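Position in the sequence shown (first residue = 1) + 161 = our numbering. The structure appears below as structure tokens.
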Amino acid sequence: MSAPAFAFDNSYARDLPGFWAAVQPAPAPEPRLLHLNCELAEELGLDPAALSGPAGAALFAGNALPAGAQPIAQVYAGHQFGGFSPQLGDGRALLLGELIDREGRRRDIAFKGSGPTPFSRRGDGKAAVGPMLRELLIGEAMHALGIPTTRALAVAATGEPVWRESVLPGAVLTRVAASHLRVGTFQYFAARGEHDRVRQLADYAIARHDPALAGDPDRHALLLHAVAQRQAALVARWMEVGFIHGVMNTDNMTLSGETIDYGPCAFLEAYQPEAVFSSIDHQGRYAYRNQPVIARWNLARFAETLLPLIDDDADAAVARAMTVLDAFPDWLEAHLRVARLMRLGLPAPATAADPADLALLDDWLGLLQSQRVDHTLGWRRLADAAEGQAALLQALFAEPASLAPWLARWRARCAVVDGGQTSPAAAAARAAAMRRHSPWIIARNHRVEEALAAASDHDDLGPLQALLQALREPFEERPGREHLAEPAPSEVTAAYRTFCGT
Ligand code: AMP
Ligand code: MG
């Protein structure tokens, strides 16, 4: 069986010797393809037909690598829950190589769960079906919401059991990423005092993600600036849709600005800013509302690695980095404010929003919180209210009467924006625009768990396929999907815990 062709061009392996270890994937006894992402395959210039069937199963389980693949485990460090681990690295992942996609973008093709590497520490290098399908589901959900993310090209079952708290079926995820450069990659070399290697890595990152900066004497400070801008945009989108990453360690923060690692992530149901679902996040470090602060903390760790490159004078380097770190919260807040004003159907200038509109926004968020309104449906049903139908929105409130005063203010403001009086046509246009920003379908925690349990425990991929299809059209209200749009009973959400997908 000859493996399908990938036009690999492996710059990380070629340009950065000393930053990785060559490792072959472990063989899988009984490979079986659980999912092939045909749309993504085509985006990568690959032929989905050649990637399905037994050839695809062998490829995506790691048994038959495509020609030109050069599997490497990347080394990195990272702050995990605030504590520094000087060596983490790909303990169960391998970069196979890079492809230039149809749009001319360089994309990493990597395995996760493909066996031990020199960086496995005490781990087995393996992954289970459930957590790898979770990466597929949430990655596709984020992508459909327009949020930068790594994505699953395929998930293959290995036919091998993996031992966790119970025995689980094993799987390999094939992950596509703009790159796997992490804050932690820089930390590894900086912590060892290998500043020449930090420089090499930074210049590689610039060539890959910010080529306009190449050759600029100030490029390392500008790299920090660019990464911080991407993270501000990214984390604002997380906040907007109620996504809780769950494990924002510095090794899980990319330079590309893509979301990576869907281990213990979850979505808000009722709007509770203090929400945290991860079973190991006892202090709530990575709670929903802390994400902007943690992103800045991680960027500060990134900045530290770059200081010797930014300026020979340590004080000057710190001052330069601080201009970025000081601006970061405002960048993030501005993105989020614009997104939320658009969801309110109000004008959304990047700067100098109307103070009355900001007060409306604050009061709306306050109501969502105090009335324990489902975050996703609250915003979505506000679009119906723009057309005069407030009953469904009101029904989401613990005390339905508490909506009326705010709604009256909001309607008055919409009328002013529309030039004094809202016509049915203007109302319909506003509602349609709001629905383009506020999804009906998110990856509800209980539906994700159901789909994963069916796949992992009963080998039934039906619920997963149905959920995936709905997640790919998050803004469409299609009959038959109501159960996917509805929140879980509040006691289910109160007891919901996520686990790091090891
Ligand atoms: P994560 O929580 O997935 O970001 O992983 C943190 C670190 O633990 C990374 O270095 C992983 O490669 C490593 N790791 C997680 N699970 C395993 C495993 N089963 N075997 C080996 N290494 C692992
Ligand atoms: Mg990770």
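All residues carry an ideal CB built from backbone N, CA and C; glycine is no exception. No experiment lies behind these values; they were computed from the predicted model shown.
With distances taken Cα to Cα, identify the nearest neighbour of R336 among A464, G223, R369 and D476.
-> G223
Beta carbon of P648, beta carbon of D545: below 9 Å?
-> no
Straight-line Cα distance separating A616 from V485 | 45 Å
Chain-order list of residues whose beta-carbon lies under 8 Å from that of W324 (same chain, five-residue window excluded) = Shown here for W324: same chain residues with a beta carbon closer than 8 Å to its own, the five before and five after excluded, namely D285 in chain order.
Which residues mark the beginning and the end of the alpha helix (DSSP H) in which R295 is found?
-> That run of the alpha helix (DSSP H) goes V290 to A305.
Give a single yes or no on whether N459 has its beta carbon closer than 8 Å to a heavy atom of the ligand MG.
-> No heavy atom of the ligand MG is found nearer than 8 Å to the CB of N459.
Of the listed residues W181, R608 and L507, nearest to A593 (C-alpha basis) = L507
M400 beta carbon less than 9 Å from that of Q361 = no
Name the DSSP beta bridge partners of F272, please?
-> L255 and T335
List the residues that DSSP assigns as beta-bridge partners of A431.
-> D535
Compute the Euclidean distance between the alpha carbons of L460 and A588, then round it to the nearest angstrom.
-> 42 Å
Would you say D442 touches the ligand MG, meaning its beta carbon is less than 8 Å from a heavy atom?
-> no
For A211, I'd like the list of residues in its chain whose CB is within less than 7 Å of its CB, leaving aside the five on either flank, ordered along the chain.
-> P165
With respect to the alpha helix (DSSP H) encompassing V356, which residues constitute its N-terminal and C-terminal limits?
-> At residue 356 the sequence reads His, which differs from the Val that was named. From DSSP, the alpha helix (DSSP H) with H356 extends over H356 to H370.
Skipping 5 residues on each side, what residues in its chain have a beta carbon closer than 8 Å to that of Y449?
-> M400, G403, I405, L429, Q433, P434, E435, A436 and V437
Does the Cβ of D251 lie closer than 8 Å to at least one heavy atom of the ligand AMP?
-> The answer is yes for D251.
Whole angstroms is fine: what's the gap from P624's alpha carbon to G291's?
-> 13 Å
In chain order, what residues of the same chain have a beta carbon less than 8 Å from the beta carbon of E301, not counting five sequence neighbours either side?
-> N198, R312, A313, L629, L632 and R633
Name the one or two DSSP bridge partners that A315 has.
-> L197 and T335
Do three or more CB pairs link the stretch 371-382 to the stretch 492-509 at distances below 8 Å?
-> no
Neighbour-count burial assignment, G331, 16 or more Cβ in a 10 Å radius = buried
Between L306, A315 and L329, which lies nearest to S599 when the distance is taken from Cα to Cα?
-> L306
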